[in-house]
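Going by numbering that gives the first Met the number 0, 175 is the number at position 176 of the sequence shown; the sequence numbering is gapless.
For each residue, glycine too, the CB sits at the ideal point set by N, CA and C.
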Amino acid sequence: MSGVVLRNVSKRFGAVQALDGVSLEVAPGELVALLGPSGCGKTTLLRSVAGLERPEQGQILVGDRDVTLAPTRERPIGMVFQSYALFPNMTVRENIAFPLMVRKRPRAQIERRVAELIELVHLHEQADRYPHQISGGQQQRAALARALAPDPEVLLLDEPLSALDALVRARLRDEIRRIQQAVKTTAIYVTHDQAEAMAIADRVAVMNQGRVEQLAPPIEIYEAPSTRFSAAFVGSRNALELPVQDGQVRLGSAFSVAAPAGSRAVLAFFRPEDVELRLEPGGHPARVEAKTFHGSVTRLHLTTEADGRTARLYTDLPSRQALSLETGSDVWIRVDPATVRVFPLEK
Ligand code: ATP
């Protein structure tokens, strides 16, 4: 097994700095998801590892080998794209065999390997069908099997699920993870979907404007975003603009935390599940503005007055508990200060 190392990689397209000195290490057998908004450089990074873009600066290693200038065909990689990119005139079995035929592997070996892969991606029933005779999810599994056929050291996946509907996406996401762990290949997975990145990756690289803002396991990205961008991009959080008074950031009596040195105002982030809600006085008063049903939980949209301003925040309650809470009800909130992250607000 080989890992992938990027050292200070930069790539520019005219006036656009698509990659701006990216350094990243993917350990052997690890799956790293590149997560970020459109245009942040995820695809350019992946294409640079594939040899489809040539960086102006920096170094890319697969295992011990410097592949920065190596042509794509000499790199030990497999790729899966958003569009399934299967050959339409070949069956699933022939598509999977194709990269092995190109490499002139012995026939018996090809047959054995193809059978193994069909088993791995659960496509026995579809093996002799053509791409137009199978579903999008099945086509993507065939594309994955084809990418894995030559036993690549590194698997590169570029938004492989984005053309699929929500149900198939979730199922195939878990399938890809199972398969990647079964074959123990190192993988880089591009997505702009945070839930997908969190579910599938060992570590997530949050990208912004051609740079990696944070590289950490999903739980850490969620619990302890290290930058304001990371906190804001990885959503499902409350984000409040609050003033600094006497070195403290307060939301009335709901919480009080130390402010970053020298800041006059901050953006405070905290997760909905860290808002402690009471129906009796205790904590800071708030009001239920609206309720939205999300299946097992109901999201309560709250407003609260603090220091002469109105703040809006939300929290999730088990839906059965939320049933008795009417819109307009008075509630009281507290937030554990240890769960609040604050970032200086430049004004
Ligand atoms: P998306 O999620 O929309 O695919 P991304 O994060 O993958 O976005 P990239 O495709 O890597 O982003 O693009 C990074 C920046 O480089 C963008 O501003 C893009 O417009 C620009 N760019 C990418 N490829 C080219 C190209 N061949 N020519 C000119 N500009 C390009």
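Look at the alpha carbon of residue 2 and the alpha carbon of residue 28, and state the distance between them as a whole number of angstroms.
-> Spanning the two alpha carbons is a distance of roughly 7 Å.
Quick one: using the 10 Å Cβ neighbour count with 16 as the cut-off for buried, is residue 367 buried or exposed?
-> For the chain, the structure presents residues 0 to 346; residue 367 sits outside this window and is missing.
In whole angstroms, what separates the C-alpha of residue 23 from that of residue 203?
-> 11 Å
Can you name, in chain order, every residue of its own chain whose Cβ lies under 6 Å from the Cβ of residue 20, other than the five neighbours on each side?
-> Only residues of its own chain outside the window of five on either side were considered, and among them 7 and 9 have a CB closer than 6 Å to the CB of residue 20, listed in chain order.
Quick one: what's got a C-beta closer than 7 Å to residue 40's C-beta in the same chain, skipping five residues either side?
-> 17, 18, 206 and 209
Would you kindly work out how many angstroms separate the C-alpha atoms of residue 267 and residue 213, rounded to a whole number?
-> Going by the C-alpha atoms only, they are around 18 Å apart.
Span separating the alpha-carbon of residue 283 from that of residue 314 = 14 Å
Should the region 67-76 be regarded as contacting the region 225-240, the criterion being three or more beta carbon pairs within less than 8 Å?
-> As far as the Cβ criterion goes, the region 67-76 does not touch the region 225-240, which means the pair count is below three.
What beta strand (DSSP E) runs, 3 residues minimum, are completely inside the region 136-218?
-> 153-157, 185-190, 202-207 and 210-215
Simplified DSSP state of residue 253, which is helix, strand or coil | coil
6 Å Cβ shell around residue 201 - same chain, five flanking residues per side excluded | Within its own chain, the residues whose Cβ lies closer than 6 Å to the Cβ of residue 201, once the five positions on either side in sequence are excluded, are 29 and 30, listed in chain order.
Top-ranked residue by Cα proximity to residue 4, from 335, 14, 62 and 33 | 62
8 Å CB neighbourhood of residue 152 in its chain, flanking five on each side removed | 0, 1, 61, 62, 75, 76, 184 and 185
Among residues of its own chain, excluding the 5 on either side of residue 87, which ones have a beta-carbon nearer than 8 Å to its beta-carbon?
-> 129, 130 and 131.
According to DSSP, is residue 127 helix, strand or coil?
-> coil
For my contact list, residue 344 and residue 265 are in at a C-beta cut-off of 8 Å; report their separation, rounded to the angstrom.
-> 6 Å
Which class does residue 348 belong to by DSSP, given the choice of helix, strand or coil?
-> Lying outside 0 to 346, the shown extent of the chain, residue 348 is not represented and no answer is given.
For the ligand ATP, is there a heavy atom less than 7 Å away from the beta-carbon of residue 12?
-> yes
What do you get for residue 175, buried or exposed, if any count of 16 or more other CB atoms within 10 angstroms of its CB means buried?
-> buried
Contact check, residue 122 vs residue 140, beta carbons under 8 Å = yes
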